[in-house]
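Visitor:
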Amino acid sequence: MKDGDNWSNVASREAGRSDPWDLIEFNFGTRDPREVNWYLESYLNCSKSSDGKNYQFSSGDGEIYLPPADWDPAIEKAMQLTVIRALTNWATKAINFQRGSHRVTTRELMVVGNAIIDGKIRVLQSSAICTGRAVYDSDRNVIELGRGAGRTNASKALIIHECVHALFDLRCDTMTVGASESMGYVAQSIFMAQHTDNPEERLHVDIPDSGTPEEVRNAIRRDAVFEQAWKIALLVLDRKPIPQSDWNMLSTAVSLHPKYRSDAGKPAIFDGV
Numbered sequence: 000m001k002d003g004d005n006w007s008n009v010a011s012r013e014a015g016r017s018d019p020w021d022l023i024e025f026n027f028g029t030r031d032p033r034e035v036n037w038y039l040e041s042y043l044n045c046s047k048s049s050d051g052k053n054y055q056f057s058s059g060d061g062e063i064y065l066p067p068a069d070w071d072p073a074i075e076k077a078m079q080l081t082v083i084r085a086l087t088n089w090a091t092k093a094i095n096f097q098r099g100s101h102r103v104t105t106r107e108l109m110v111v112g113n114a115i116i117d118g119k120i121r122v123l124q125s126s127a128i129c130t131g132r133a134v135y136d137s138d139r140n141v142i143e144l145g146r147g148a149g150r151t152n153a154s155k156a157l158i159i160h161e162c163v164h165a166l167f168d169l170r171c172d173t174m175t176v177g178a179s180e181s182m183g184y185v186a187q188s189i190f191m192a193q194h195t196d197n198p199e200e201r202l203h204v205d206i207p208d209s210g211t212p213e214e215v216r217n218a219i220r221r222d223a224v225f226e227q228a229w230k231i232a233l234l235v236l237d238r239k240p241i242p243q244s245d246w247n248m249l250s251t252a253v254s255l256h257p258k259y260r261s262d263a264g265k266p267a268i269f270d271g272v
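For what it's worth, numbering that gives the first Met the number 0 labels the leading residue of the sequence shown as 0, then goes sequentially.
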């Protein structure tokens, strides 16, 4: 930004957008002029306009962010509702478990929902995420959803999994990637177990009948995480204690999972939202 800039010319020049409110809403999550002025003064160090009633861009240290080309404010609102609906689904009420000093409860997951409503955590649709999938990015404080996310119970369960990571980020929890993933899978399984008629019909990974030995081995290792997380989830639903040996088995399974094996023992980056 430089002296003389305004929302319209920045939106057009830098983001290729005709509606300056797209840029405002992407940065501040509001269309209230008073709130926008507060952000301009407090975060961007802008100067007052000549009439003294508003703020205008000026040279300084402030930065604004440009939305991705495919970002649509209406879609973001819809994505937020998708996550909120998953968080308020009746099946989340049974999520109440602890591993060491880290606890996941329905009440605490609602804090994630409030952070989404307040704009502290954003929910964006991303073409880079597979259909029906969800990913939490702790660097950007963003839950990214693929197309069709939240349409099935399995997809809602995965959203809950990612919200567990968001909860840890909100609390600045100190833990390994493996511990975070373990607890995410347990919450995911608790949610899904209540939407199945037969508890034996667990979340799973199909083991291919054909394929390379590595493909078969990786599928077995991915499925092992679901198998052990499901076992713990059923204990939670039955209100039974979780033996440490079960957590250890889940940790081992996560450490062998092809996606996590290189990072399972590393610290998770949960530095606050």
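Virtual Cβ for every residue (Gly too), placed ideally from N, Cα, C. These numbers come from a predicted model, not from an experiment.
If you drop the 5 nearest sequence neighbours on each side, which residues of the same chain put their C-beta closer than 8 angstroms to that of V110?
Guide: So the qualifying residues of the chain are L166 and L169.
Visitor: Run the CB neighbour count on K155, radius 10 Å, all protein chains shown included, and call it buried at 16 or more, exposed below.
Guide: That one is buried.
Visitor: Are the CB atoms of A192 and I158 within a distance shorter than 8 angstroms?
Guide: No, Cβ-Cβ distance for I158 and A192 is not below 8 angstroms.
Visitor: Helix, strand or coil for N255 per DSSP?
Guide: The sequence shown places Leu at residue 255, not Asn. Of the three classes helix, strand and coil, the one that applies to L255 here is helix, per DSSP.
Visitor: To test your reading of the DSSP string, which unbroken beta strand (DSSP E) runs of 3 or more residues are found completely within the stretch 115-173?
Guide: Correct list: 121-124, 133-136 and 141-144.
Visitor: Once DSSP output is grouped into helix, strand and coil, what is the label at R260?
Guide: Note: R260 maps to coil in three-state DSSP.
Visitor: Could you have a look at V103 and say whether DSSP puts it in helix, strand or coil?
Guide: Looking at V103 - three-state DSSP - the assignment turns out to be strand.
Visitor: Taking the alpha carbon of N267 as the reference point, which residue from T173, S125, A114 and H256 has its own alpha carbon closest?
Guide: The amino acid occupying residue 267 in the given sequence is Ala; Asn does not appear at that position. That would be T173, whose Cα lies nearest to the Cα of A267.
Visitor: Once the 5 residues before and after K265 are set aside, which same chain residues still bring their CB inside 6 angstroms of it?
Guide: Excluding residues within five positions, the ones whose Cβ falls inside 6 angstroms are V176.
Visitor: I need the DSSP call for N5, collapsed to helix, strand or coil.
Guide: Looking at N5 - three-state DSSP - the assignment turns out to be coil, as it is neither helix nor strand.
Visitor: For T175, name the three-state secondary structure that DSSP assigns.
Guide: Three-state DSSP puts T175 in a strand.
Visitor: Does the pairing of the stretch 237-252 with the stretch 181-195 give three or more beta-carbon distances under 8 angstroms?
Guide: With the cut-off at 8 angstroms, the stretch 237-252 and the stretch 181-195 touch.
Visitor: May I have the straight-line CA-CA distance separating W246 from Q227, to the nearest angstrom?
Guide: Cα to Cα, W246 sits roughly 8 angstroms from Q227.
Visitor: According to DSSP, simplified to helix, strand and coil, what is Q227?
Guide: Q227 falls in the helix class under three-state DSSP.
Visitor: Whose CA, out of V185, D205, D136 and V204, lies closest to the CA of D235?
Guide: According to the sequence as given, residue 235 is Val; it is not Asp. When only C-alpha atoms are compared, the closest one is V185.
Visitor: Ignore the nearest five residues each way along the sequence and tell me which others in D222's own chain have a CB closer than 6 angstroms to its CB.
Guide: For D222, where only same-chain residues beyond five positions count, the Cβ hits under 6 angstroms are H203 and V204.
Visitor: Could you give the distance in angstroms between the alpha-carbon of G147 and the alpha-carbon of A232?
Guide: For G147 and A232, the distance between alpha carbons rounds to 26 angstroms.
Visitor: Tell me whether the beta-carbon of I219 lies closer than 8 angstroms to the beta-carbon of I94.
Guide: Contact: no.
Visitor: Exposed or buried, which one is Y135 when buried takes at least 16 other CB atoms within 10 Å?
Guide: Answer is buried; the Cβ neighbour count reaches 16.
Visitor: Roughly how many angstroms separate the alpha carbons of T29 and T211, rounded to a whole number?
Guide: Spanning the two alpha carbons is a distance of roughly 52 angstroms.
Visitor: Looking only at its own chain, which residues have a Cβ that is under 8 angstroms from the Cβ of G15, when we skip the five neighbours before and after it?
Guide: Here the set comprises A68.
Visitor: Check this for me: beta carbons of W37 and L22, under 8 angstroms apart or not?
Guide: Contact: no.
Visitor: My output table needs one value for P274: the three-state DSSP class, helix, strand or coil.
Guide: An answer regarding residue 274 cannot be provided, because it is not within the stretch 0 to 272 covered by the chain.
Visitor: By the three-class DSSP mapping on this structure, what secondary structure does N36 have?
Guide: Three-state result, N36: helix.
Visitor: Using a 10 Å radius around the Cβ and a threshold of 16 neighbouring Cβ atoms, would you call Y259 buried or exposed?
Guide: Result: buried.
Visitor: Give me the DSSP bridge partner(s) of Q97.
Guide: Answer is R102.
Visitor: Compare the C-alpha of T91 against each of Y64, H194 and A263 and name the closest.
Guide: Closest option to T91, Cα to Cα, is H194.
Visitor: For L80, is the classification buried or exposed, using 16 other Cβ atoms within 10 angstroms of its Cβ as the cut-off for buried?
Guide: Exposed, because fewer than 16 other Cβ atoms sit within 10 Å of the Cβ of L80.
Visitor: In whole angstroms, what separates the C-alpha of F225 from that of E40?
Guide: Cα-Cα distance, rounded: 49 angstroms.
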